[in-house]
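Each residue of the sequence shown is one higher than the one before, starting from 2 at the first, in our numbering.
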Amino acid sequence: MNIFPTDEKLVARALAGDRDAFRTLVERHYRVVFRQCRGVLRRPEDAEDATQEVFLRAYNALGQYSGRGAFGGWLRRLTVNHCLNRAQSAEARQTARSCSLDVLPEAFASTLDGEPEAHTLRTERQEQIEAALQQLPAQQRTALALRLLEGLSYDEIAEEMSVPVNSVRSWIHRGREKLRDTLKEVISC
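Take a look at the structure:
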């Protein structure tokens with residue numbers, strides 16, 4: 002016997018006015034939503050704000066959730082769309098507009114030890130990597146984040162972003178190529 006209610010039961014209770022039910026949904030999905038926001042928006046403060054905005058939007062749009070698919074998938078799509086819109090806005094382009102270093106392949110990770118010179122070099126490399134990520138279009142950053150951070154397949158990314166699979170393949174390929182070209186010298190150090 003499962004003592005934890007399903008997301009769908011919590012949604013039904015939230016729609017009936019049970020605030021604790023929605024609070025449980027937030028607690029259950031908070032980390033995933035934050036991680037997705039962090040994958041698109043570089044600064045933790047921006048990701049935190051976006052996460053709160055996503056849950057506010059989810060609460061206001063809860064009646065639009067049909068129950069046909071998993072609530073987590075619906076929430077993920079809402080998150081991706083919100084973060085893409087935020088990243089593409091002029092205000093976001095002028096402030097923080099990148100993807101987290103967490104989404105980079107381990108090949109980019111520094112293998113330096115704890116020496117002060119190594120720390121300085123590591124910081125310089127991180128800044129170069131962040132600058133390269135900032136140059137990627139929002140779709141490429143988002144597709145790369147969903148692939149590398151969330152481990153989603155191309156089909157799942159296409160579904161989440163509501164685009165054809167070939168677009169996802171192209172964005173990921175082009176994003177990786179741009180990063181590779183931009184970071185040739187950084188990686189070879």
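The beta-carbon is built from N, C-alpha and C at its ideal position, and this holds for glycine as well.
Apart from sequence neighbours up to five positions away, the residues of its chain that approach Leu11 with a beta-carbon distance below 6 angstroms are Ala22, Thr25, Leu26, ordered along the chain. For Ile173, the enclosing alpha helix (DSSP H) stretches over residues 166 to 183. If one requires a minimum length of 4 residues, the alpha helix (DSSP H) runs lying completely within the stretch 39 to 76 are 45 to 61, in chain order. For the pair of segments examined, the stretch 134 to 142 was found not to touch the stretch 52 to 65: the number of CB pairs separated by less than 8 angstroms stays below three. Secondary structure at Phe23: helix, using DSSP grouped into helix, strand and coil. The residue from Arg39, Pro6, Gly40 with its alpha-carbon nearest to that of Arg29 is Pro6. Close CB contacts of Tyr155 within its chain, under the 7 angstroms cut and outside five residues either way in sequence, are with Val166, Val169, Arg170 (chain order). Taking a contact as a CB-CB distance under 8 angstroms, the pair Leu85 and Ala133 does not count as one, their CB atoms being some 20 angstroms apart. Note on geometry: alpha-carbon atoms of Gly68 and Gln136 lie some 38 angstroms from one another. In the three-state scheme derived from DSSP, where H, G and I count as helix and E and B as strand, Ile158 is classed as helix. DSSP places Glu9 in the uninterrupted alpha helix (DSSP H) bounded by 8 to 16. Taking the CA atoms as reference points, Cys38 sits about 8 angstroms from Val81.
Taking 9 angstroms as the cut-off, the Cβ atoms of Phe72 and Asp8 count as close.
Judged by DSSP secondary structure, Leu137 falls outside any alpha helix (DSSP H); it is assigned neither H nor E. With contacts defined by Cβ atoms closer than 9 angstroms, Ala48 and Phe35 form a contacting pair.
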